Amino acid sequence: MDNCNLTAETCSIIHCDLDAFYASVEQRENPSLQGKPVVVGGDPRSRGVVATCSYEARSYGVKSAMPLAQAQRLCPHAVFLPVARQRYQEASRQVFAIMADYTPMMEILSIDEAFLDVASSLSLFGTPEGIGRTIKKRVEKELNLKISVGISYNKFLAKLASQLDKPDGFRVIKADEALALLRPLPVQHLWGVGEKTGRELDRLGLYHIGDIQDLPEGWLADKIGSAGKLFWELARGIDPRPVTPGRQRKSLGREVTFAADTADINYLKDLLNRFAAELCGKLRQNGLDTSTVTVKIKYNNFAAISRSRTISPGNSDMLIGETATDILQDAYHGYPPLRLIGLSLGRLTPAPALEQGSLFANDSAGPDDNEIDRVMDGIRQRFGSEVIGRANTLTWKKHRPPNL
Ligand code: DCP
Ligand code: MG
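Set out below in structure tokens:
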């Protein structure tokens, strides 16, 4: 049964990630939705975006973060549902409880994803592969949800293993097959390589992970700095990062250095609103609130200041965006021009599990302000500031830096 064939020290990391998580919970709650394209995110007539969708909908090209209206054009017969966050948080807790039966060495990455290191659990529970299969079976049988499981000797390869085999995946990457498996994959599969870095690597003629494997040590670091060393190691299947239980993000931030210095206050506010939407989206995805909002600016003479404000814990784009633009208004009066602006959210704490107001509800008693805020938040969360439709979007488009 165990074809991992490696010692616990070399092959004990398991990565688990639920398939089409929100959509699968919805299909489970309403069996008539099973086998159908389901899009979670809200009313397609709203200007929101897709949170996630079932694999049936993905076959029509629908995907996360796509405008709902576009999703409806691609798949007109899809069922569109609002986001029922409390339901997903409950399912998430149940899944993590199953995993925790096999090891205390569990690092939760997001609402539907965790690493386990089962090296110390083998005398009790058998092989890593056996444990992975048991978790998969239990999640399916007890919770009626599908989860993809990847197993390897480090975090990077375990996560890659679960992703490569989605949905309903189960894959082991053994030490002696890692290099060959990595070789033909696009560089975007390396941890930390997003669109921008991917383009940078492509410019250096590095399209596939094998291209990086073949480089002499130090070459990539000379070209692109310390990340180059990391990518070279990952390409060779090296990732020393341990599974760290209880690791909590302390803050979340976003900043940009402008191609040309700017003093355009409307544009700067617009950017902060955009960053707020992006960061709050991540907070909500991870069930977190923030209570410290910090704006950092760097002038064209390289002097930098940062200003913080404490707020009651929250994760609404509007609240955080307004706080950030207020801070900017107080701290910056239009001179000298700025070369950088950043927003960071600190003191992160678990958000109370609130049922998000239905995006379709038409309550005759009338919604209260908080409800409106939550519904607005649910819609705005999914815009991305670029399409949020405020008057100053025009300013944003005009100055849009190439790296955003
Ligand atoms: N999510 C979201 N907005 C995004 C991405 C994700 O609200 N832009 C939410 C909905 C997802 C959940 O987080 O169901 C988990 O994210 P995943 O990236 O793991 O996506 P899924 O679980 O939906 O699909 P997959 O099968 O690819 O893991
Ligand atoms: Mg998932």
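Using the numbering used here, the letters of the sequence shown map in sequence onto residues 16 to 419.
From the three backbone atoms N, C-alpha and C, an ideal C-beta is built for every residue, glycine too.
Every value quoted in this text rests on a predicted model; they were computed, and no experiment measured them.
Evaluate residue i with the Cβ neighbour count: other Cβ atoms within 10 Å of its Cβ, from every protein chain shown; 16 or more gives buried, anything less gives exposed.
i, result
"Leu139", "exposed"
"Tyr350", "exposed"
"His30", "buried"
"Phe36", "buried"
"Lys313", "buried"
"Asp116", "exposed"
"Val98", "buried"
"Asn288", "buried"
"Ala106", "buried"
"Glu41", "buried"
"Gly57", "buried"
Cutting at 7 Å between CB atoms, please list the residues of its own chain near residue i, excluding the five before and the five after it.
i, result
"Pro59", "Leu83, Ala84, Ala86, Gln87 and Phe95"
"Ser79", "Val65, Ala66 and Thr67"
"Thr259", "Glu122"
"Ala14", "Because the chain is modelled from 16 through 419, residue 14 falls outside the range shown and cannot be assessed."
"Thr272", "Arg354 and Leu355"
"Ala173", "Ile28, Ile29, His30, Phe130, Gly165, Ile166 and Ser167"
"Arg153", "Ile113"
Excluding five sequence neighbours on each side, which residues of the same chain lie with their C-beta closer than 8 Å to the C-beta of residue i?
i, result
"Ser327", "Ser306"
"Pro182", "Asp34, Ala35, Tyr70, Lys161 and Ser163"
"Asn169", "Ile28, Gly252, Ile253, Asp254, Pro255 and Arg256"
"Pro199", "His223, Ile224 and Gly225"
Judging by CA-CA distance, which residue of the options is the nearest neighbour of residue i?
i, options, result
"Leu286", "Arg62, Gly336, Leu363 and Pro46", "Gly336"
"Arg362", "Ser61, Gly50, Leu303 and Lys313", "Leu303"
"Asp345", "Ile188, Ala115 and Lys284", "Lys284"
"Gly220", "Thr277, Lys238 and Leu158", "Lys238"
"Arg322", "Pro352, Gln104, Gly357 and Tyr282", "Gly357"
"Thr118", "Arg218, His223 and Gly141", "Gly141"
"Asn159", "Ala38, Arg43, Gly296 and Ile320", "Arg43"
"Lys311", "Ser359, Gly243 and Pro231", "Ser359"
"Thr340", "Phe317, Thr309 and Asn315", "Thr309"
Which same chain residues end up closer than 6 Å to residue i when comparing Cβ atoms and leaving out the 5 residues on each side of it in sequence?
i, result
"Leu171", "It is worth fixing the name first, because residue 171 is Phe in this sequence and not Leu. Same-chain partners within the cutoff: Trp206, Leu249 and Asp254."
"Val208", "Val202"
"Asp384", "Residue confidence for Asp384 is low, a pLDDT of 33 falling below 50, so the modelled location carries little weight; the figure read from the coordinates is stated next. Correct list: empty, nothing qualifies."
"Leu216", "Val202"
Which full runs of the beta strand (DSSP E) of 3+ residues lie inside the stretch 231-273, going along the chain?
-> none
Enumerate, from N- to C-terminal direction, the unbroken alpha helix (DSSP H) stretches of 4 or more residues contained entirely within the stretch 70-140.
-> 70-73, 83-89, 100-115 and 137-140
Specify which residues have a beta carbon nearer than 5 Å to any heavy atom of ligand 2, listing them in chain order.
-> Asp32, Leu33, Phe36 and Asp127
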